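Each residue of the first sequence is one higher than the last, beginning at 48 in our numbering.
Virtual Cβ for every residue (Gly too), placed ideally from N, Cα, C.
Just so we're clear, the structure is a prediction, and the values are computed from it rather than from any experiment.
Structure first, then comments.
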Amino acid sequence: MVGQKALLPDYPTLLVIAGPTAVGKTSVAIEVALHFGCEIISADSRQFYRELRIGTATPSIQQLATVQHHFIGNLSLAEDYNVARYEQEVLSLLTDLFAKGKVVVMTGGSGLYIKAVCEGIDVLPDADLLLRESLQFKLESEGLASLRGMLQKLDPEYYQIVDLANPNRIIRALEVCLATGKPYSVFRKHKPAQRDFRIIKIGLDLPREELHHNINNRVDQMVSEGLEQEARDFYHLRHLNALNTVGYRELFGYFDGNCALPDAIEKIKTNTRRYARRQLTWFHKDKKMIWCRPDEEEVILAVEAAFEE
RNA sequence: GGUAUCGUAGCUCAGUCGGUAGAGCAAUGGACUGAAAAUCCAUGUGUCGCUGGUUCGAUCCCGGCCGAUACCA
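Structural data, given as structure tokens:
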């Protein structure tokens with residue numbers, strides 16, 4: 048199968064390969080991209096940061112040399128970034144890539160980022176970091192109930208549907224209300240965007256036990272590759288969102304003296320497992336997802352079958 | 001070999017003055033439009049080590065056995 052002449056689609060096709068962390072997306076995506084002779088767009092909100100190499104399981108130098116990748120190491124830790132920018136940048140890149148070939152592979156585990164590319168995302172104001180900080184302060188000093196009260200006044204419609212226990216949701220809505228003077232809900236259209244390319248979504252999964260085994264092994268491997276030093280190098284930047292990331296926060300806790308190194312490593316494994324579960328929850332909701340084992344031949348067969356539809 | 005203590009959920013342990021049991025962690029399910037590797041919500045049946053006995057009734061009391069730990073030989 049791999050190495051045989053590829054069956055190519057008639058229209059530009061974005062081939063999404065999603066799945067939980069450590070399922071084996073990177074190598075499958077490379078094989079699939081080689082098969083279709085195309086490039087890879089990463090959809091991983093932490094592999095953007097070039098400083099985070101070990102802890103985010105960035106593809107190796109050799110892997111990156113095999114197939115042209117995009118959105119790997121394209122940002123520096125201190126840079127602000129968000130889904131909407133990603134959507135725009137990917138769309139613009141796709142125009143170029145589809146001028147060269149009919150297929151582009153997109154792979155990663157950040158569900159929201161994939162969704163933004165496939166379905167679009169509403170036009171909203173970016174976060175104002177100062178405003179966010181002051182709301183955060185209000186949360187700490189006055190409690191969540193106070194923020195809820197504000198939201199109830201500023202956007203009663205959204206107040207009815209938000210998760211009222213989730214500070215992040217409420218703060219974001221308030222940011223938009225305060226920055227624009229309009230209720231957050233008027234911006235939330237949720238109208239799926241029309242794309243001028245076809246989308247085929249493949250979800251990779253493994254029996255849970257096997258996935259956990261992969262996760263545990265990979266964390267041990269990260270540690271032996273020097274994850275502790277990588278985290279230490281950026282300990283002083285821990286306040287940055289990019290470092291609010293599994294693998295780094297647990298080690299920061301160890302540097303703070305809150306736990307021993309083996310405990311921190313154990314916590315990384317646990318939190319990675321939970322992260323994988325949240326990713327699966329997100330992807331399971333997508334009814335268009337075609338589920339496969341992380342095996343390139345199985346994926347290519349599924350993709351070529353989808354071309355026919 | 002003797003004595004003592006312990007054996008309860010995947011793990012660490014609590015508890016039942018005898019009426020078949022519950023916390024933390026783990027795990028599982030879910031939500032989620034500019035923080036998304038983030039953030040938030042929900043979910044606790046397990047031969048109470050095995051086996052006899054007492055009892056209307058035993059995980060709890062008594063005996064034996066097995067296992068663990070500590071101390072003594």
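Where residue i sits in the DSSP three-state scheme
{"i": "Met22", "result": "Here the chain covers residues 48 to 356 and nothing more, so residue 22 does not appear."}
{"i": "Thr60", "result": "strand"}
{"i": "Tyr96", "result": "strand"}
{"i": "Gly156", "result": "coil"}
{"i": "Arg245", "result": "strand"}
{"i": "Ala311", "result": "helix"}
{"i": "Leu54", "result": "coil"}
{"i": "Ala174", "result": "coil"}
{"i": "Gly250", "result": "strand"}
{"i": "Leu293", "result": "Leu is not the amino acid found at residue 293; the sequence shown has Val there. Coil at Val293, not helix or strand."}
{"i": "Ala69", "result": "coil"}
{"i": "Val151", "result": "strand"}
{"i": "Asp267", "result": "helix"}
{"i": "Gly300", "result": "helix"}
{"i": "Asn305", "result": "coil"}
{"i": "Asp169", "result": "coil"}
Distance, residue j Cα to residue i Cα
{"i": "Asp91", "j": "Leu62", "result": "15 Å"}
{"i": "Leu308", "j": "Tyr301", "result": "6 Å"}
{"i": "Met48", "j": "Glu355", "result": "Only weak support is given to the placement of Met48: the predicted model assigns it a pLDDT of 49, under 50, and the question is left unresolved by the model."}
{"i": "Glu275", "j": "Val293", "result": "13 Å"}
{"i": "Phe145", "j": "Lys248", "result": "17 Å"}
{"i": "Asn129", "j": "Ala163", "result": "11 Å"}
{"i": "Ala323", "j": "Val233", "result": "33 Å"}
{"i": "Glu313", "j": "Lys149", "result": "44 Å"}
{"i": "Asn213", "j": "Leu194", "result": "11 Å"}
{"i": "Glu344", "j": "Ala192", "result": "53 Å"}
{"i": "Ser89", "j": "Pro56", "result": "22 Å"}
{"i": "Glu166", "j": "Asn305", "result": "43 Å"}
{"i": "His237", "j": "Leu99", "result": "33 Å"}
{"i": "Thr68", "j": "Arg279", "result": "23 Å"}
{"i": "Leu138", "j": "Tyr58", "result": "16 Å"}
{"i": "Arg179", "j": "Glu256", "result": "40 Å"}
{"i": "Gln268", "j": "Leu284", "result": "24 Å"}
{"i": "Ala112", "j": "Gln183", "result": "43 Å"}
{"i": "Thr142", "j": "Arg245", "result": "13 Å"}
{"i": "Glu136", "j": "Asp202", "result": "31 Å"}
{"i": "Gly120", "j": "Ile101", "result": "12 Å"}
{"i": "Asn263", "j": "Ser181", "result": "39 Å"}
Own chain partners of residue i with C-beta closer than 6 Å, once the 5 adjacent residues on each side are dropped
{"i": "His286", "result": "none"}
{"i": "Pro341", "result": "Val70, Gly71, Val75, Leu251"}
{"i": "Asp210", "result": "Arg216"}
{"i": "Ala53", "result": "His82, Phe83"}
Of the listed residues the options, nearest to residue i (C-alpha basis)
{"i": "Leu327", "options": "Glu344, Gln109, Asp252, Glu98", "result": "Asp252"}
{"i": "Ala65", "options": "Val346, Glu351, Ala353, Glu257", "result": "Val346"}
{"i": "Met153", "options": "Tyr133, Val170, Pro172", "result": "Tyr133"}
{"i": "Ala220", "options": "Val150, Glu297, Met197, Glu98", "result": "Met197"}
{"i": "Ala311", "options": "Gly304, Leu298, Ile208", "result": "Leu298"}
{"i": "Gln241", "options": "Ser123, Arg255, Cys224, Ile168", "result": "Ile168"}
{"i": "Thr317", "options": "Val266, Asp280, Asn288", "result": "Val266"}
{"i": "Tyr205", "options": "Pro230, Pro239, Asp333, Cys85", "result": "Pro230"}
{"i": "Pro239", "options": "Ala104, Pro254, Val170", "result": "Val170"}
{"i": "Gln109", "options": "Ile77, Leu124, Asp127", "result": "Ile77"}
{"i": "His116", "options": "Asn261, Asn291, Ser123, Ile87", "result": "Ile87"}
Where the alpha helix (DSSP H) through residue i begins and ends
{"i": "Gly196", "result": "191-201"}
{"i": "Ile347", "result": "343-355"}
{"i": "Ser232", "result": "Run containing Ser232: none; DSSP gives neither H nor E here."}
{"i": "Asp210", "result": "Premise fails: Asp210 is in no alpha helix (DSSP H) and is neither H nor E."}
Chain-order list of residues whose beta-carbon lies under 8 Å from that of residue i (same chain, five-residue window excluded)
{"i": "Met336", "result": "Ala65, Lys248, Ile249, Gly250, Phe330"}
{"i": "Asp243", "result": "Pro59"}
Residue i - containing beta strand (DSSP E), residue span
{"i": "Ser139", "result": "It is not in any beta strand (DSSP E) - Ser139 instead sits in the alpha helix (DSSP H) that spans 130-147."}
{"i": "Ser107", "result": "First-last for Ser107: undefined, no H or E at that position."}
{"i": "Ile119", "result": "Taken as a continuous stretch (DSSP letters only), Ile119 belongs to no beta strand (DSSP E), as it is neither H nor E."}
{"i": "Ile88", "result": "87-89"}
Contacting residues, own chain, Cβ-Cβ under 7 Å from residue i (five flanking each side not counted)
{"i": "Asp175", "result": "Glu222, Ala226"}
{"i": "Asp333", "result": "Lys248"}
beta-carbon residue i near the ligand NAD non-hydrogen atom, thresh 7 Å
{"i": "Pro309", "result": "Within the structure as shown, the ligand NAD is missing, as the structure has no ligands at all."}
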